[in-house]
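**Student:** One structure, as structure tokens, below. Some questions next.
2 protein chains.
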Amino acid sequence: MLTAQRKALLLDRLHAEGRLVARGLAEELGTSEDTIRRDLRELAAEGLLTRVHGGALPASPTHRPMRERSNMEVSAKQRLGVAGAALIRPGQTVILDGGTTHLALVQALPATLAATIITHSPTIAAALEPFARLEVIVIGGRLMRHSMVALGAATQAGFAAIRADMCILGVTGLHPEAGLTTGDHEEALIKRRMVQSAGETIVLATPDKIGAASAFQIAGLEEARIITTGEPPDWLPRAQHLRA
Amino acid sequence: MLTAQRKALLLDRLHAEGRLVARGLAEELGTSEDTIRRDLRELAAEGLLTRVHGGALPASPTHRPMRERSNMEVSAKQRLGVAGAALIRPGQTVILDGGTTHLALVQALPATLAATIITHSPTIAAALEPFARLEVIVIGGRLMRHSMVALGAATQAGFAAIRADMCILGVTGLHPEAGLTTGDHEEALIKRRMVQSAGETIVLATPDKIGAASAFQIAGLEEARIITTGEPPDWLPRAQHLRA
DNA sequence: CTGATTCGTGCAATATCACGCATAAGCAAG
DNA sequence: CTTGCTTATGCGTGATATTGCACGAATCAG
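Top to bottom, those sequences are chains A and B.
The letter at position 36 of the first sequence is residue 36 when you use full-length UniProt numbering, and the numbering goes up by one with no holes.
The letter at position 59 of the second sequence is residue 59 when you use full-length UniProt numbering, and the numbering goes up by one with no holes.
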């Protein structure tokens with residue numbers, strides 16, 4: 001049995017059964033337990049599974065790809081997307097942040113819209129391909145894996161050289177005192193720059209963001225126009241609420 | 001036993017049994033193990049199989065359902081993708097052009113490759129999302145709709161600030177006199193810049209590009225390492241040709 | 001707390017690998 | 001036919017990978 005083949009089999013098995021037990025596999029594959037443990041250790045080092053006492057479990061779901069995260073709250077995201085898309089008028093220049101809500105916004109854009117979209121998310125840019133009359137500007141930089149947006153000095157400089165009519169911003173928390181926040185420091189820096197480069201800032205907020213505060217502040221609540229679904233809390237007086 | 005005949009037999013056997021063991025094949029075919037290993041090494045370089053310790057496994061990318069390995073025919077693009085993916089060594093910095101062939105290359109990348117990929121194609125960048133250990137640098141600019149790559153002065157400047165080990169370049173024509181060409185002037189400018197920013201240039205050419213010439217020259221044939229499928233024309237002496 | 005598993009590491013035996021070199025076979029030009 | 005070149009092959013050698021075992025530490029179950 002080839003080593004690489006055995007490892008592939010282990011991954012297959014893990015995918016099929018959800019867990020691996022070292023002892024049983026050693027007997028089944030006719031090798032020593034040490035060999036199996038070594039395999040599991042190496043696969044774990046490659047991030048392909050999580051090592052536990054006695055065997056292994058699937059890789060931790062904490063940094064799963066974005067497309068799996070987009071399952072939840074489909075309807076709320078779609079309604080927010082439609083509302084956001086309606087805000088973009090022909091001829092405008094709009095900065096569009098990354099994220100699944102904004103992907104839904106792209107899906108809701110009219111096919112013949114003629115406007116300029118500026119984004120630092122390759123996912124968003126790729127989704128804009130079918131819109132023949134859109135001008136799309138990509139802001140480059142080092143790609144952050146989790147959120148799939150460009151970050152760093154180059155991105156900062158790219159946004160600094162731009163003036164847009166509107167910025168549609170993604171956040172992870174809206175809090176009465178903390179304001180608009182996000183969980184990554186570098187992301188916060190870029191988002192702050194995006195707000196500065198736009199005349200108006202829009203936030204499309206799913207209900208789970210309301211009242212939450214992440215570590216790094218982007219701006220105060222009063223600096224953005226908030227659009228959300230569900231019940232309006234009393235500390236969000238200016239927000240626009242979509243009914244279900 | 002002719003070399004080509006033996007290689008064909010190896011591929012047949014791999015297809016039938018799902019794996020190859022070097023030692024057993026040497027005995028069975030009455031040759032030395034070195035010869036078998038040499039064959040496997042060469043077939044791996046053509047992307048037709050994956051070399052592992054002790055033998056070889058099918059070239060099927062790891063994140064594709066491995067059950068259907070036997071019946072699906074690999075297209076020329078996929079084989080070029082596999083061959084191109086095999087060129088990227090861990091730790092390297094690689095400029096990757098846009099286009100469907102390079103999308104196939106991304107599909108063929110090993111899931112745990114640790115390298116730096118630089119691209120001005122948001123489509124390519126988005127496809128790189130699942131590769132946890134890749135560093136991805138996006139070069140920004142105005143997006144050209146047809147080819148979905150960033151162009152313009154910002155893109156030019158972005159590539160100018162970079163030195164990569166390798167550039168995997170897309171072209172629309174390879175011609176004995178016109179060299180490497182493309183159909184858009186601005187694209188040609190950027191591609192020229194990409195070639196200058198890399199130590200080595202690779203072109204993965206589908207057969208329809210061979211002998212074709214578009215309006216704008218990027219570089220001479222001799223400046224790039226050409227990898228293609230099908231019959232080699234006599235004016236492409238240095239190219240590497242993948243067997244069917 | 002205690003016994004039993006399981007884990008990680010070091011180690012040695014074996015298998016496999018890549019590279020260089022020499023030999024032999026095939027081939028084309030003279 | 002001879003010469004020179006290329007290609008394929010086998011072998012030696014040092015390097016690398018894999019495996020099983022021993023042993024002490026860590027972890028789990030009752």
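From the three backbone atoms N, C-alpha and C, an ideal C-beta is built for every residue, glycine too.
This structure is a prediction, so every number in the text was calculated from the model and none was measured.
(1) Taking 8 Å as the threshold (beta carbon to beta carbon), is L180 of chain B in contact with chain A?
(2) Just verifying my parser: in three-state terms, what is the DSSP assignment at E177 of chain A?
(3) Whether or not the region 203-210 of chain A and the region 132-150 of chain A are in contact is what I'm after, with contact meaning three or more pairs of Cβ atoms, one per stretch, closer than 8 Å; do they touch?
(4) According to DSSP, simplified to helix, strand and coil, what is M194 of chain B?
(5) Could you give the residue range of the beta strand (DSSP E) that holds P58 of chain B?
(6) Where DSSP assigns a beta bridge to V21 of chain A, which residues make up the other side?
(7) Any C-beta of chain B within less than 7 Å: which residues of the region 29-46 of chain A qualify?
(8) Can you say whether V138 of chain B is buried or exposed, counting buried as having 16 or more other CB atoms within 10 angstroms of its CB?
(9) Only counting the same chain, and skipping five residues up and downstream in sequence, which positions put a Cβ closer than 6 Å to that of R192 of chain A?
(10) Inspect the CB distances between the region 97-108 of chain B and the region 164-176 of chain B and report whether three or more fall short of 8 Å.
(11) Check whether the Cβ of I162 of chain A lies closer than 8 Å to any Cβ atom in chain B.
(12) Which term fits E68 of chain B, buried or exposed, when burial requires 16 or more other beta carbons within 10 angstroms of its beta carbon?
(13) Does the beta carbon of P58 of chain A come closer than 8 Å to any beta carbon on chain B?
(14) Do we get a CB-CB distance below 8 Å when we pair I88 of chain B with the residues of chain A?
(15) Please list the partners that A150 of chain A has in chain B, where partner means a Cβ-to-Cβ separation under 8 Å.
(16) Taking DSSP as the reference, what is the three-state secondary structure of T50 of chain A?
(17) Apart from the five residues just before and just after I36 of chain A, which ones in its own chain have a Cβ nearer than 6 Å to its Cβ?
(18) What does the Cβ neighbour count give for Q78 of chain B, buried or exposed, with the cut at 16 atoms within 10 Å?
(19) Could you check whether the Cβ of residue 247 of chain B sits closer than 8 Å to any Cβ belonging to chain A?
(20) Show which residues of chain B have a CB atom less than 7 Å away from the CB atom of residue 263 of chain A.
(21) Whose C-beta lies closer than 6 Å to the C-beta of V149 of chain B among residues of the same chain, with five residues either side of it excluded?
(22) Quick one: grab the DSSP three-state call for P65 of chain A.
(23) Suppose the cutoff is 8 Å on Cβ atoms and the five residues either side in sequence are ignored; what does the same chain contact list for V195 of chain B look like?
(24) Give me the chain A residues within the contact set of A53 of chain B, using Cβ-Cβ distance strictly less than 8 Å, ordered along the chain.
(25) Please state the DSSP three-state secondary structure of R89 of chain A.
(26) Helix, strand or coil: which one does DSSP assign to L109 of chain B?
(27) Identify every residue that forms a DSSP beta bridge with V138 of chain B.
(28) Within this structure, are the beta carbons of A108 of chain A and V74 of chain A separated by less than 8 Å?
(29) In angstroms, rounded to a whole number, what distance separates the CA positions of G18 of chain B and I162 of chain A?
(30) Give me the residue from A:L14, A:Q92, A:A44 and A:A59 with the minimum Cα distance to A198 of chain A.
(31) Let me confirm a value: G158 of chain B is counted as buried when at least 16 other C-beta atoms fall within 10 Å, else exposed. Which label applies?
(32) Is it right to say V52 of chain A is buried, meaning 16 or more other beta carbons lie within 10 angstroms of its own, or is it exposed?
(33) In terms of alpha-carbon separation, which member of B:Q5, B:T31, B:F216 and B:G47 lies closest to H241 of chain B?
(34) List the residues that DSSP assigns as beta-bridge partners of F216 of chain A.
(35) Give me the DSSP bridge partner(s) of residue 246 of chain B.
(36) I'd like the span of the alpha helix (DSSP H) that includes T31 of chain A, first residue to last.
**Tutor:** Quick answer:
(1) Taking Cβ atoms only, chain A never reaches closer than 8 Å to L180 of chain B, which makes this a no.
(2) Coil, per DSSP.
(3) No, the region 132-150 of chain A is not in contact with the region 203-210 of chain A.
(4) M194 of chain B: helix per DSSP, three-state reduction.
(5) Looking at the DSSP string, the run of the beta strand (DSSP E) that includes P58 of chain B is G55 to P58.
(6) In DSSP, V21 of chain A forms a bridge with A:G55.
(7) Taking 7 Å as the cut-off between beta carbons, the residues of the region 29-46 of chain A near chain B are E46, in sequence order.
(8) Under a 10 Å Cβ-count criterion, V138 of chain B is classified as buried, with 16 or more other Cβ atoms of the shown protein chains found around its own Cβ.
(9) Cβ within range, chain order: I218.
(10) Yes, since at least three Cβ pairs between the region 97-108 of chain B and the region 164-176 of chain B fall closer than 8 Å, the two stretches touch.
(11) Taking CB atoms only, I162 of chain A has no neighbour in chain B less than 8 Å away.
(12) With a pLDDT of 37 at E68 of chain B, under the threshold of 50, the modelled position of that residue is not reliable, and the figure given next carries that caveat. For E68 of chain B, the number of other beta carbons within 10 angstroms of its own is below 16, and it is reported as exposed.
(13) No, P58 of chain A lies away from the interface with chain B (no Cβ there is under 8 Å from its Cβ).
(14) No, I88 of chain B lies away from the interface with chain A (no Cβ there is under 8 Å from its Cβ).
(15) The answer, in chain order, is V138 and G140.
(16) DSSP places T50 of chain A within a strand segment (E or B) once states are collapsed to three.
(17) Same-chain partners within the cutoff: A22, L25 and A26.
(18) Answer is buried; the Cβ neighbour count reaches 16.
(19) Any answer about residue 247 of chain B is impossible in this case: the structure gives chain B only from 1 up to 244.
(20) Nothing can be reported for residue 263 of chain A: it is not among the residues displayed for chain A, which extend from 1 to 244.
(21) Non-local beta-carbon contacts of V149 of chain B in its own chain, meaning distances under 6 Å to residues more than five positions away in sequence, involve G98, H120 and S121 in chain order.
(22) A caution first: P65 of chain A carries a pLDDT of 46, below 50, which makes its placement in the model unreliable, though a value can still be read off. Here P65 of chain A sits in coil by DSSP.
(23) Closer than 8 Å at Cβ, skipping near neighbours: C167, L169, T201, I218, A219, E223 and A224.
(24) Residue 53 of chain B is actually His in this sequence, not Ala. The contacting residues are L2, T3 and A4.
(25) Reduced to three states, the DSSP call for R89 of chain A is coil.
(26) Of the three classes helix, strand and coil, the one that applies to L109 of chain B here is coil, per DSSP.
(27) Answer by DSSP bridge pairing, in chain order: A:G141 and B:T119.
(28) With respect to the 8 Å criterion, A108 of chain A and V74 of chain A are not classified as neighbours on the basis of their beta carbons.
(29) Cα-Cα distance, rounded: 55 Å.
(30) Distance from the Cα of A198 of chain A is smallest, within the candidate group A:L14, A:Q92, A:A44 and A:A59, for A:Q92.
(31) Counting Cβ neighbours within 10 Å, G158 of chain B comes out buried, since at least 16 surround it.
(32) Per the 10 Å Cβ criterion, exposed.
(33) Taking the Cα of H241 of chain B as reference, the smallest distance to any Cα among B:Q5, B:T31, B:F216 and B:G47 is reached at B:G47.
(34) DSSP links F216 of chain A through a beta bridge to A:T182.
(35) Residue 246 of chain B lies beyond the residue range present for chain B, which begins at 1 and ends at 244; the question has no answer from this structure.
(36) In the DSSP assignment, T31 of chain A falls outside any alpha helix (DSSP H), carrying neither H nor E.
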